[in-house]
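The letter at position 477 of the sequence shown is residue 477 when you use the UniProt record's numbering, and the numbering goes up by one with no holes.
C-beta: ideal position from N, C-alpha, C; glycine also.
On a predicted model such as this, the values are computed, not experimentally measured, just so you know.
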Amino acid sequence: MTLSSTEDEKSSSRPSRDRADATPGVSEPPPQSEECSESLEAASQKLPSRLSKTWTTVTRSRVYRILSWTPPRCRWNPDDPPKFSMALNCLFAFAGAFTVANLYYSHPILNILAHDFNVTYEQVSQVPTLAQAGYAVGLGLLCPLGDVCKRRPFTLLLVLFTATVWIGLCLTKSLAVFSALTFITAVTTVTPQIMLPLVGDLAPLHRRAAALSVVVAGLTLGILVARVLSGVVVNYTSWRNIYWLSCGLQYLIFGLLWLFMPDYPSTNPDGFHYLKFMWSIVKIFVREPLLIQACLISYLVSATFTNFWTTLTFLLAGEPYNYKPLPIGLFGLIGIAGIAFAPIYGRLVTDRFHPWLSVLVGLLMVLVSVTVGTYTGTFTVAGPIVQALMHDAGMQTCQVANRSQIYSIAPRARNRINTAFMLFTFFGQITGTSAGNTVYAKGGWIHSGSMSVGLCGGAILLLCLRGPWEKGWIGWHGGASLKREKRDATREDIEASGRVKRSTVQVVDEGNHVPVDEEKALNELVAGECESGKAELEKQGR
């Protein structure tokens, strides 16, 4: 018998034995066709993707419900709108400080990052550059949306996204991933620039400068605290701990805003076309002489600020001081005292006189501080100390006064106005850093400081080209009086704040609509606020 016939017999006998061994009374399932097998296989492959889509949908729905839910005490009620209290003002300042700090934690620890990622200093220097670039993108693309979106859910979404992506910065071991995540988180670290126009909307006119100065002081404080905190923590522990600390602070800010930030209505609820909306920023900018003047002054002053703080490290690390990194980092604490000056000055002076006066006072303080620090800093540390103290105070005074002026240009477009203002501020900081380092490398401390003296002089010249009441491009029409007019919120101010909409109804809660007599309510609000503003001004005058 051949081998093939033997194998055929064995194969034919196997089914009979298998059937004999099968359990009695249980029928064998019918054989599956190839088409059925393929369909089952295809279904099994699609199941994970369907489950993933379902999970994504459910997660998105839960996140939306979390962001859109508002505590009862924070819900909008046109008959009893939330008051802009000092506690809320301080909450915005705290949130702004430790949000903008995200951009600066890496600055004093670049050498540590280079060693940990095993790269050169040149490669790791891209981290702060990408952070600033991402912040610029966020300013240009996200901040204008604050004029359309409801500020509460929009702000919460940005903070939550930043905090969640920030976890990747704490864990990654790749410089490429670290750099990419730095850029992404910087784009969404623009929540302070959404809060500032909101403060301008909500604070009464007789308190606007003081309220803005608190938040602006928080922003500058965040820049200095980030440098100091990062240097101290990394001096004793791993650099990742400062990033974990920042992550926890971001979630804390999200929780505080979720619990206490009122749900103010949108200032432009009728919708928009994004490209037209962005183009409107350009149109507002070229049509408003006051905005152009404020932006150019901010550009010059911001350049002097970053020029000083960048080159100061080289001065203190070299002869005759030879300071170590920790004392250099702690040197930033001096600037905190200057920052604390701005809210006090804003309450006592800026709110009582025309902002033009405060801009001039701030620029003169910067000029004096730069002059003293530049020409005495090479032989005594008292020069840089005076400059750090007065420069920060003068810059904050100038910036707060400028914001107080430009927010009155178009109350319904304050986020777009703030975008233009901050872009010039940002580019001024870049100019001060790059030009200051170049000039310092070629000529030293005195040369870089002299450049700042020239920038301050240019800013004062720009200010003096337009008087406090000038409506055109150049001149002093309207006189030189510096006393603030005895008036408070205009009709447009109140409409922009959302206390009375232009629509015929106000939405109080889900499904509940309360009709509002617009004209009557608006007249009452304007009259009431004007009376309160006059009373406050008269009280301050006495």
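- Task: Assuming M261 and R152 form a contact by the criterion Cβ under 8 Å, report the distance between their Cβ atoms to the nearest whole angstrom.
- Result: Sure, about 5 Å apart at Cβ, within 8 Å.
- Reducing DSSP to helix, strand and coil, say where F353 ends up. Shown here, F353 sits in a strand according to DSSP, grouped into three states.
- Considering only the beta carbon of each residue, do A294 and Q405 sit closer than 8 Å? The Cβ-Cβ distance between A294 and Q405 falls below 8 Å.
- Query: Assuming M365 contacts A393 under a Cβ cut-off of 8 Å, what Cβ separation, rounded to an integer in Å, is found between them?
  - Reply: Beta-carbon to beta-carbon, M365 and A393 are separated by about 6 Å, close enough to satisfy the 8 Å threshold.
- Message: With a threshold of 6 Å on Cβ separation, who are the neighbours of L357 within its own chain once the five nearest residues in sequence on each side are excluded?
- Response: Counting only Cβ-Cβ distances below 6 Å, and skipping sequence neighbours, we find L482.
- Message: What would DSSP say about G383, mapped onto helix, strand or coil?
- Response: Three-state result, G383: helix.
- Message: Let me check you understand the geometry: is the CB of L275 closer than 7 Å to at least one non-hydrogen atom of the ligand FMN?
- Response: Judged by which ligands are present, the structure shown has none, so any question about the ligand FMN falls away.
- Quick one: residues in its chain with C-beta nearer than 8 Å to the C-beta of Y321, no 5 flanking neighbours on either side, listed in chain order? Cβ within range, chain order: L315, V381.
- Query: Looking at M451 and A435, is the spacing between their C-beta atoms short of 8 Å?
  - Reply: Contact: yes.
- Message: With DSSP as the reference, identify every bridge partner of G475, one or two as the case may be.
- Response: Residue pairing by DSSP places G475 opposite R466 in a beta bridge.
- Terminal residues of the alpha helix (DSSP H) in which S174 lies: Counting along the chain, S174 sits inside no alpha helix (DSSP H), nor does DSSP assign it H or E at all.
- Item | Inter-residue spacing [alpha-carbon to alpha-carbon] between V400 and N118 | V400 and N118: Cα-Cα distance of roughly 43 Å.
- List the residues that DSSP assigns as beta-bridge partners of K483. Answer by DSSP bridge pairing, in chain order: F353.
- Task: From the DSSP output, in three-state form, read off V26 for me.
- Result: Its pLDDT being 45, under 50, V26 is placed unreliably by the model, and nothing is read from it.
- Task: Name the residue from S179, V159, L158 whose alpha carbon lies nearest to the alpha carbon of G168.
- Result: Cα-wise, what sits closest to G168 is S179.
- Inspect the beta-carbon positions of F305 and M390 and report whether they are closer than 8 Å. In this structure, the beta-carbon distance from F305 to M390 does not fall below 8 Å.
- 8 Å Cβ cutoff met for P192 and L212: In this structure, P192 sits away from L212, with a CB-CB distance that is not shorter than 8 Å.
- Sort Y104, S448, G96 by Cα distance to L196 and report the nearest one. Per the Cα distances, G96.
- Query: residue 562 and V127: beta carbons closer than 8 Å?
  - Reply: The first residue shown for the chain is 1 and the last is 542, placing residue 562 beyond what the model contains.
- Task: Helix, strand or coil for G409, going by three-state DSSP, please let me know.
- Result: It should be pointed out that residue 409 corresponds to Ile in this sequence rather than to Gly. DSSP places I409 in coil when its eight states are reduced to three.
- Own chain, CB closer than 8 Å to I112, minus 5 neighbours either side, in chain order: V234, W239.
- Assign V177 to one of two classes, buried (16 or more other C-beta atoms within 10 Å of its C-beta) or exposed (fewer than that). Label assigned to V177: exposed.
- Message: Using 8 Å for Cβ pairs, my map puts S280 next to Y105. What's the rounded Cβ distance?
- Response: That pair is no contact at about 35 Å.
- Same chain, Cβ closer than 8 Å to L462, five either side skipped, listed in chain order: Once the five neighbours on either side are set aside, the close Cβ partners of L462 are Q293, L296, I297, L300.
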